[in-house]
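Each residue of the sequence shown is one higher than the last, beginning at 567 in this note's numbering. Heads up, the beta-carbon is just placed ideally off N, CA and C, and yes, glycines get one too. What follows is a short report on a single structure.
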Amino acid sequence: MGRIHGDDKEFAVEDYYLFLPSVRELTHGSGYYTIGDSDSPRSNSRVCFQKFSADTEHFADLRQAVALEDRSGEDPYFIAIGSVDVSNARIPKNPEGYFLHVEAKGILLAANTEQGLFYACCTWAQMLGQSGSRVRSATIVDWPTLPNRGLMVDISRGRVFTLDYLKQLVVQLSDMKMNVLQLYMEHTFQFSGKEQIWEGSGAMDAQGIIQLQTWCEQHFVQLQPNLQSFGHCNRILTTDGYRQLRESDLFWTLSPALPETYTFLQSLYDEFLPLFSSDLFNIDSDETYDLGSGKSKELMAEMGDGRLYLQHLLRLREMAAKHGKKIMVFGDVIVRHPELIGELPDDIVFLDWIYDPKPHYPTTSLFGTSGKQFWVCPGTGSWNSLFPRQDGATKNIIGLVGQGISEGAKGMLLCDWSDHGGYPMPKPCEYAYAVGAQMSWSGSVDSIDSVERCMDRFFGEPGFSQLHASFAAIYRLPALWSKNRSQCVIALFDEPLTGRTITAPLPPADLVALEDLPEGIEGVLDPESHHLMRPVFQLSEETLSRIDTLAREASMLADALRDRDRKKQYAWISNAFSILVEKVRLGREIRQSFLDHRVDQDQLLDWERQLRLLKQRFVYLQISYTLVWFTYAVASEIDISLTYFAHALERLDYLQSWITRQRIALQEHREPDFALATYETAGYRSLPSY
């Protein structure tokens, strides 16, 4: 294997440049080009040259020397330095494709569109980050697999990001060559005259949307409107003045039986949709659990639930068309009625969402054979969790996007949800963003190790993937992984003496993460769930020891991170894992000692002290959580998350006072409550999760 030297580093030839996403064609040359202030660049794209010069300014100030030329006819867009011939550029036909060439006598970036040239600049920036001012010769020809490569972030479940954070996110997405952003909205837009719906939620206003869209356009990212328009309307339907629009007393779905429903939605569309230049509009309309159970029951009996749903889509399509928009819709309802898909207009884009790793996705094949437009929608696996369910998310993204490409999908929309308050930290989702960018641009992954090496370079964090590996290993422990949630976050907020992670059965020996439950183990339906989940299993001492070891490893790796915000978030996660281990261990020790009648005064005093210190750790965790929150989000509904801390602290405080009462009983020569009969929980179990 040949090796070359760059600055103070030695690389295998094939590893000298690592790009995220990987490029189609890369040929290394033998020379170098050294950037200097004497360079005389020329270009016919002001916007792309601004990015090029900004990325290069650490090494040379090129802005004063640039010669901006007019572009005529079919001439390519380009940026050139030195004696290079633009006519020699091998530009791919794909409108987002580009050509990048570095040799000893100059540099050339060229594309048929400004967007393509912008992506050439993104690759150039990664080259500079790896080589410094002495850029090794190379030729790159690159273009995307999918034309639509997007991310949807949830701003409706408690957390609304600041405009500054969203702008940073747009820059990161564009650097990854992703070109679509959606903000999932239920009630978090400041609709005029409807203040009761969005009050206290940190809702975005029209000016914020306009500013964000302008920023997106500058980075060749399409900001697509997203507004829930059927199910998931609980906040709206529990608000005075809108309750009559509910389908049922579940207060979940807008009733299609009421003309007022469409008057209401049209008023939202009339104010919201004109803010966006995109011609696509995501109406969501997923998980309509109570459709046909209330006011539309007669319609359901007459039409059938599939046709009732179809009728609603067609109404929304007409309403959106008034503003020049074509609708996108999540496909989970319509796939239950495949015979109706052919009746829907061809301009509707179906969003095929599945967030679990599977060897094959039947709905993707269904949409593929339907001839309709569709995108695939994998998930980051970050919601209801302290850290993303990374293994599952990675397999989901690679498998679903790969199958989508083969079945004719036109895009990927990676979904980053924030169920139950949005308490997970956002930075760890960057790993899934990177995998999504790789799959949607390049269409494949050679190996996850190769993608991780590219991530380390892209984020400028040599230990990034190793840090993620430590956390991901926690979720490989059989008791911890579950579809749509992780047991770690349940353990953190679990009742300290009677919680499921202490009292539930141990996991069976043949339980494996990411695989089906063993025979004889049934899924459970939690109170707020509509999907069967894995049971919550007891966390054994062996499991807790492993979590503790991995959390310590992660803490040391997090301390070496260069990005300040990233370091704070990963440090918080490490600390949360450490606290949950201490909490479960202490709770189990106390519980077992009482049940075994092994309690004395010294032990009770020790437990009081340990609980006092554990409460203190919990308070510090809560304070640091709040401080970190305000680095990326407005106040929004942080109360949802802080309530979880408050409940857990109340339970720890109650346990401490209960222990004190047992000590006093011993001192008064009374028998402690060995059976825990006086220990009251007021029905508390843990935080809500699916």
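Between Trp949 and Trp983 a beta carbon distance of about 4 angstroms is seen, short of the 8 angstroms cut, so the two are scored as contacting. According to DSSP, Val915 shares a beta bridge with Met894 and Gln939.
Between the segment 587-607 and the segment 1008-1025, the count of C-beta pairs closer than 8 angstroms reaches three or more; the two stretches touch. Taking all protein chains shown into account, Phe1184 has 16 or more neighbouring C-beta atoms within 10 Å of its C-beta and is therefore buried. By the criterion of at least three beta-carbon pairs nearer than 8 angstroms, the segment 668-686 is in contact with the segment 644-652. Residue environment for Asp1125: exposed (fewer than 16 other C-beta atoms within 10 angstroms of its C-beta).
Taking all protein chains in view, the Cβ of Asp636 is surrounded by fewer than 16 other Cβ atoms within 10 Å, so the residue is classified as exposed.
Distance from the CA of Val1150 to the CA of Asp1114, rounded to the nearest whole angstrom, comes to 12 angstroms. For Gly797, the three-state secondary structure derived from DSSP is coil. The C-beta distance from Ile721 to Ile763 rounds to 15 angstroms, too long to meet the 8 angstroms contact threshold. Scanning its chain for C-beta atoms nearer than 8 angstroms, with the 5 sequence neighbours on each side dropped, one finds around Val613 the residues Glu680, Phe684 and Gln784, in chain order. Using a 10 angstroms sphere on the CB of Asp898, the tally of other CB atoms reaches 16 or more, which defines it as buried. If the five residues before and after Arg955 are omitted, its C-beta is found closer than 7 angstroms to the C-beta atoms of Gly947, Tyr1041, Trp1047 and Ser1052, all from its own chain and listed in chain order.
For Gln1104, the closest alpha carbon among the candidates Glu868, Leu1098, Gly1065 and Ala886 is that of Gly1065. Met869 and Phe896 have their C-alpha atoms some 21 angstroms from each other.
Counted as a single uninterrupted DSSP element, the alpha helix (DSSP H) harbouring Cys687 occupies residues Glu680 to Ser697. DSSP, read as helix, strand or coil, puts Trp1047 in strand.
Counting along the chain, the unbroken alpha helix (DSSP H) around Ser972 starts and ends at Gln956 to Glu973.
DSSP links Ile645 through a beta bridge to Ser609 and Leu675. Met894 is not a Cβ neighbour of Gln832, given a cutoff of 8 angstroms. If you ignore the 5 residues before and after Trp1173, its C-beta comes within less than 7 angstroms of the C-beta of Ile1156 and Ile1225, all in its own chain and listed in chain order. For Asp720, the secondary structure class from DSSP, reduced to helix, strand or coil, is strand. Segment contact: the segment 928-940 against the segment 983-1000, fewer than three CB-CB distances shorter than 8 angstroms; contact not assigned. Beta bridge pairing from DSSP links Arg702 with Tyr598.
Closest in C-alpha terms to Asn660, from the list Pro713, Leu1063, Met693 and Arg700, comes Pro713. Under a 10 Å Cβ-count criterion, Ile1189 is classified as exposed, with fewer than 16 other Cβ atoms of the shown protein chains found around its own Cβ. DSSP, read as helix, strand or coil, puts Met751 in coil.
The residue among Gly759, Leu778, Lys760 and Val719 with its C-alpha nearest the C-alpha of Met751 is Val719.
Arg1130 counts as exposed, since fewer than 16 other beta carbons sit within 10 angstroms of its beta carbon. Cβ neighbours of Leu789 within its own chain (closer than 7 angstroms, five residues either side excluded): Leu747, Leu778, Gln779, Cys782, Phe842 and Ser844. Leaving aside the five residues that flank Trp690 on each side, the residues in its chain whose CB is nearer than 7 angstroms to its CB run, in chain order, Phe618, Asp621, Leu666 and Leu675.
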